[in-house]
Every structure is written in C-alpha cells, then in structure tokens.
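In the numbering used here, the protein residues as written are 55 to 204. Below: one structure, written as structure tokens.
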C-alpha cells in the first residue's frame, strides 16, 4: 500500500511539472544596459552594447573588427556604429526599428557601408542577467551574448 501511494505521489509530481510553461520575455525584463563580452582569437566580429529604456527605445554601439585588410571594402579597420530607435518584444523575438547616428546619438548618419536605417529581428533567450540575441544561429559565433551591466 505504501509503495502504491509513493508511486501515485511521484506520478502526480512528475506530471504537474509538465504543465508549467516558460514565462515569455517582456520589454520590462530587458530594460537596462547590456554588454557583449569581448572575444579574442577571432579574425572578424563585433562587440555590441545595448541600452533598453522603459519607453521601448534603445541605443546601441557596435564596434566591428577584422584582421583582413581589403582596400575595396568601405568598412576597413574597426568601424563603430551608433544606432537608436525603438524595440518590441513578442514571445522570444526582439524586433528593432531604428537608424544610424553620430556618437552623440543626435545627428542622423550612416554606417560605413552608407546604410542609414537599421531593422533587425532576433530570436532571443533571456536568462536573468544574460540575453542571447540570434539564439537560433547554427553556431556559437553567430550568437550575440549580452550580459546585464550593474
């Protein structure tokens, strides 16, 4: 009899865990400043810093780098892009709609390739102090791993 009660209790606990649903990400969850940790040993990449505000606006600084020198590439060296605009969150997707600016975020500008607008959508994973954009990338270097600044 005791073993039947124990099995029933284990079954109830096991199946009640299946009914829990992960909490969807909200804009409120990511308000604050997030910084990507710099990586070393890569031939090319970018380091990002995002600030999300409670009015659904964002500011981003993206520093690109490369070891490859191509004189025909307008983005030679380590170009820095400053982006501001609005963002929205739906489920696990974060969407950005913005434009490139100068370093003061006051004067509209373009990135090194001459592009003036910024539109992006990322599948994300939120883990409290870690936010991964492009979480569905097929490899680790395609993911943007941001950490909350304190």
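Just so it is clear, CB atoms sit at the ideal spot from N, CA and C, and this is done for glycine as well.
Residue span of the beta strand (DSSP E) that contains residue i, given as start and end
| i | result |
| --- | --- |
| residue 140 | 134 to 144 |
| residue 89 | 86 to 90 |
| residue 151 | 147 to 155 |
| residue 184 | 184 to 187 |
| residue 102 | 98 to 106 |
| residue 118 | 111 to 120 |
Option nearest residue i by Cα separation, candidates the options
| i | options | result |
| --- | --- | --- |
| residue 168 | 177, 178, 156 | 156 |
| residue 78 | 113, 143, 136, 86 | 143 |
| residue 171 | 179, 150, 158 | 150 |
| residue 106 | 90, 84, 148 | 84 |
| residue 114 | 82, 161, 134, 178 | 134 |
| residue 138 | 178, 203, 102 | 102 |
| residue 175 | 197, 160, 164 | 197 |
| residue 154 | 164, 177, 145 | 164 |
| residue 89 | 104, 82, 146 | 104 |
| residue 127 | 91, 166, 189 | 166 |
| residue 158 | 136, 145, 141 | 136 |
Simplified DSSP assignment, three categories, for residue i
| i | result |
| --- | --- |
| residue 194 | helix |
| residue 10 | The shown model of the chain, from 55 to 204, leaves out residue 10, and the question about it has no answer. |
| residue 199 | strand |
| residue 72 | The predicted position of residue 72 is uncertain, since its pLDDT is 44 and thus under 50; a value taken from the coordinates is nonetheless stated next. In the structure shown, residue 72 sits in a helix (DSSP, three-state: H, G or I). |
| residue 123 | coil |
### Query
Does the segment 177 to 185 come within contact of the segment 117 to 128, defined as at least 3 CB pairs closer than 8 Å?
The segment 177 to 185 makes no contact with the segment 117 to 128; the number of CB pairs closer than 8 Å stays below 3.
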